[in-house]
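Take a look at the structure below.
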Amino acid sequence: MTTDQETGPSAEQRARFAQAWARPRGLRRILMPVQHKSVGTRYMVTAFVFFFVGGLQALLMRVQLAQPEQDVLSPQTYNELFTMHGTTMMFLFAVPFLEGLAAYLLPLMLGARDMPFARYNTFNYWCYLLGGIILYSSFVVGMVPDAGWFAYVPLSGPEFADKAMDIWLFGLALAELAAIGAAIEMIVVVLAMRAPGMSLDRMPIFAWTMLCVAAMIILAFVPLLVGSLLLELDRNISTAFFDTERGGDPLLWQHLFWIFGHPEVYVMFLPGAAIISHVVPVHSRHRLVGYPFVVAAIVVTAIMSLGLWVHHMYTTGLPPVTLSFFTAASMSISVASGVQVVAWIATLWSGRPRLTVPMLFSLGFLFTFVAGGITGVMVASAPFDAQAHDTYFVVAHFHYVLIGGMLFPVLAGLFHWWPKFTGRMPSARLGTVSFWLAFVGFHLTFFPMHLSGLWGMPRRVYTYDAGLGVGVLNLLSTIGAFIFAAGLVLTAITLLGALRRGERSGPDPWGADTLEWVADSPPASANFGRIPVVTGRAPLWDRPSHDPKLERMSAAFDHAPQNVRATPFTTVLSALPNTAAVQAGPTFWPFLAAGGLALAAAGLLLESGWVLGASVLVIVGAFVAWELQNERELGAGESTEPVGGEYLVEAPGPLSPGWWGAAGAAVVLVVAVTTVAFSLLFLQVNAPVWPQGESLGLPWLSAGTGLALVLAISASWWGSRQGPLSHDAPPTARGAHLAAAVTSTFAGAVALVLAVAQWPAGGLDHTAHSYDSGVLMLVSTLALAILLGLGLTICALLARLTHTRDIRPRIMLQNAAVLWTGVLVVWAVAWAATDLMPLAVV
Amino acid sequence: MAAPEATRPRSTRLAVAAVLVPPVAWVCALGLSYVVQDFACTAYASAGRNPPTALIGTAVVTLDVVLLVLTLAAGVVAWRTSRRATAGGGSPLFGFLGRLGLFLSLGFAAGIVMIAVNPLVLEVCA
Ligand code: HEM
Ligand SMILES: [Cu+2]
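In order, the protein sequences belong to chains H and Z.
Note that our numbering has the first sequence beginning at 4, numbered continuously upward.
Note that our numbering has the second sequence beginning at 12, numbered continuously upward.
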């Protein structure tokens, strides 16, 4: 392990390095920080605030249910409370908390200095916060969503739900947008920003997990975002996606929701399990047993969870073969989870476990999770599910999985990393008491629910009949809930109290193995003055071996570079030195951009054209200012020189973060349009006639759009290959970049016009039939994709016009070409869905 | 020691492919089996006609068998990668990739088998 002690940079260089990484001060501290630790902390704190709000709602419900036939709460209030409780816990607490933990820990664990797109990271946080605020504004305006956390149509459709549902949908859309952005960040940091030498086989389990989770988020959250949009369109402009009368189908919502909803459970459980895979080895002083098995189990769980959505629809009358496909997958997942459980037990067995607070929570997790898994296997068998469906058995089951599988590990993780986050040790005595309160309270709350469910108590009822005989069980649940809550409040007191009174911890109080424990506690703004070199899976436990190639990179980045924030970029498989990735500094624009989006949502909710118009100005202005600031800062000082004379500051292709970002955006777009296409296919096979009238049938316009897109790709690709790979290119190359950017922008604009023209030219009526609605949706998706492509191309143009670093426009043009290629795929899928699919009739 | 990246690019590519193929194959098996079976049956039902169940069943099974073979082939490649890495005293990275690929291939192959038997033991389009 090599750290800062060796002599290297002078005091003056160190000071300049610290200056480059300085955190904003004063008022600017509130809206401007972009560094992963402040963003991560904000995520986690906000998520916990929401957790306590959601918990309060749960307590209110438990008070109402404590005795039969009470009316502390009206039925309507009860509906609102369980809806907001479920929504808050799933969308505003669990997933965002884990995103925050990942934002905080991943760079530290991997030996990087920040997340790849620090400003975008911040933007995502603001989207999430504002989404949450929009959702909770429903209490202020007295229109609280009440359709349950999965908002089934038609209950959530235009006939039955008022504006409350729009609030729910907009709040959620912003939170989903944030999750998708966080996923792109996680993929890039894990694949390309690991410390030199951290080959894939040496990567911490948490990093493997977040990589898989990020892939799941992209594949699962995008369909939900699409689903929310479809519902919003049905509600506000009378499209027909979920309306049976006009060729729609309410089951489509269930599919789209559960394609998200089931993986969501694993998006929560897998990081929970990963926390355990770090806590158990450290607190047993033994390496995780069966590392490759655990990695394989994570991949299997992540992938298979994508295929399980239908098991939430066992009782909707799907054909038996369809169901059995999915039962098979459910069972396979249990095996994969079993593998992880065995690995943890074997680690405990071979090590010397210490009963620290994190360890206690881990053991609580193991116990609870295994119990929840058993009931899960029961629920997963279709016949049993038909019986227990919509009873308290299910409520008990999912709280076992969610609290056992996610909350306990998160608490274990908080106690484990608290010294790293704050530099102080939380009190072990208070921590132990809060564990026992939480553990006992939890089981007392939820175990009796299995029984009340089996005895016939349905879920989502605001009260029950004394004759049902479940009064005592419910009273126990309510008492348990208060004990549980006391445990959680005590946890909060313990942790917050440690901020002032806790013992100082030093960098590595637990004698842990991963890189975050090399950094100071709390870590300095740049995390690592000297980037660590990794030569084993447990860098702090292994004896370091020497590798001159890796050490050269570490030395080159020793308190360097000093005029610009940068971190090493390394190869995907072996993490060999590659280039230097520039990291952005504090700025205000991401906040403004997210605020603009929230303002747009407000404008739509208030149905105010003025607000909407203003929001568009804010959004466009914020993004333009953001981009100009990027270019200005990159133009400055040292960023033209390779770091240490060797590592290029930005390089074309996968050697710098932008390429990954463009590829990620392209994938998101393709997933989105594929979801729309599949939704249409689903409606088509369920409809007796499809389409009802004419199909779109505008081959020339469509082909023209495609051609324009091909031109945009070719122009930007050609431009990206002009001139040498260095910072001063001859004037001809500069001219070529400019010409390419202009041509590509022009081609994109033409594509946009042609794509949009399809709608009026087609003469369809989106309120007439779901096919027509689908065409509108596809055209809009294509238009949005083209807009993104145009945005990136215009950035390239701005880059060419604003600075002298000639490699930058080149790279940006290449990124634009990547994104345009994604747009072309979007076009192809959209065209297939509007024109080819209707031809397939039986 | 850092593992040598791509001493031979071809074997690197094979090792990586052996890790990626099984999950992709499983997703295709589930997705296509579901879409072919469910969508075809539903389409016929909506049109008020009898579905060609034998054809649909055969299509699903054939598809799954092809994907199964791919998955198992990936397993063989992975196994050889891992053997070569350990025999050569060589790169721990490739040893790991080989083992990972092997486990994934076995796990997802089992998953594909469970998907493929469904149309054989249950009535298609019931
Ligand atoms: C603090 C302890 C908690 C208590 C006492 C509690 C209690 C409850 C109660 C009473 C319901 C309503 C059941 C019904 O009427 O059908 C409910 C629903 C739900 N809870 Fe919790 N809960 C707790 C924590 C959590 C956590 C941590 C999560 C997720 C991470 C969660 C997720 C949900 C979900 C998704 C629903 C379903 C909402 C719906 O039906 O739309 N809960 N919970
Ligand atoms: Cu599920």
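Beta carbons: idealized from backbone N, C-alpha and C, even for Gly.
Note that this is a predicted model, so its numbers are computed, not measured.
Other residues of its chain near residue i: CB distance less than 7 angstroms, five sequence neighbours each side excluded
i	result
M118/H	H39, A106, P110, N124, E188 and V192
I482/H	L447
L81/Z	V32 and A36
Which of helix, strand or coil DSSP assigns to residue i
i	result
R507/H	strand
R17/H	helix
P571/H	strand
T394/H	strand
V283/H	helix
R427/H	strand
A601/H	helix
A527/H	coil
Y650/H	strand
V673/H	helix
N124/H	helix
P99/H	helix
V585/H	strand
P461/H	strand
P12/H	coil
P199/H	coil
P71/H	coil
P36/H	coil
P580/H	strand
G354/H	coil
Beta-carbon proximity check, residue i vs residue j, cutoff 8 angstroms
i	j	result
G151/H	F85/H	yes
T435/H	L493/H	no
M196/H	A115/H	yes
L175/H	S231/H	yes
Q695/H	H772/H	yes
P691/H	A58/Z	yes
Nearest residue (CA-CA) to residue i, options the options
i	options	result
Y45/Z	A70/Z, A84/Z, A89/Z and A28/Z	A70/Z
C798/H	A788/H, R811/H and T784/H	R811/H
L78/Z	V38/Z, P130/Z and L25/Z	V38/Z
V670/H	A349/H, M556/H, A223/H and L259/H	A223/H
L289/H	L351/H, D550/H, L454/H and A584/H	It is worth fixing the name first, because residue 289/H is His in this sequence and not Leu. When each option's Cα is compared against that of H289/H, the closest is L351/H.
T607/H	I170/H, L34/H, C215/H and W24/H	One point to set straight first is that residue 607/H is Leu, not Thr, in the sequence displayed. Comparing Cα-Cα distances from L607/H to each of I170/H, L34/H, C215/H and W24/H, the minimum goes to I170/H.
A121/Z	L41/Z, A51/Z, L133/Z and S57/Z	L41/Z
L600/H	F94/H, S528/H, A178/H and P284/H	A178/H
T49/H	A69/H, A14/H, G354/H and F94/H	F94/H
V135/Z	G99/Z, I67/Z, R94/Z and P20/Z	I67/Z
F449/H	G459/H, Y403/H, F485/H and P461/H	Y403/H
P551/H	P542/H, D561/H and V536/H	V536/H
V475/H	M452/H, I486/H and R462/H	M452/H
G160/H	D252/H, D74/H, E72/H and L59/H	D252/H
E267/H	F531/H, L101/H and V360/H	L101/H
F681/H	L699/H, F401/H and T837/H	T837/H
A415/H	P274/H, P526/H, H392/H and G375/H	P274/H
F370/H	M307/H, F445/H, A389/H and I306/H	F445/H
R427/H	D468/H, D523/H, P356/H and F442/H	D523/H
Beta-carbon contacts of residue i that lie in its chain and below 8 angstroms, excluding the five residues immediately before and after
i	result
N818/H	G661, W662, G664, A665, L795 and A799
L827/H	G709, L712, V713 and I716
F626/H	W592, A596 and G794
Own chain partners of residue i with C-beta closer than 6 angstroms, once the 5 adjacent residues on each side are dropped
i	result
L658/H	N581 and T582
A489/H	L440
G539/H	D545
A51/Z	I67
L236/H	T242
M271/H	A97 and M409
V285/H	W513 and A515
A13/Z	Its pLDDT being 37, under 50, A13/Z is placed unreliably by the model, and the measurement read from it follows with that caveat. For A13/Z, where only same-chain residues beyond five positions count, there are no Cβ hits under 6 angstroms.
- Query: Which runs of the beta strand (DSSP E) spanning at least 3 residues fall entirely within the segment 792-829 of chain H, listed in chain order?
  - Reply: none
Quick check on the DSSP output: what are the complete alpha helix (DSSP H) runs of length 4 or more inside the segment 44-111 of chain Z, in order along the chain? 51-57 and 64-98
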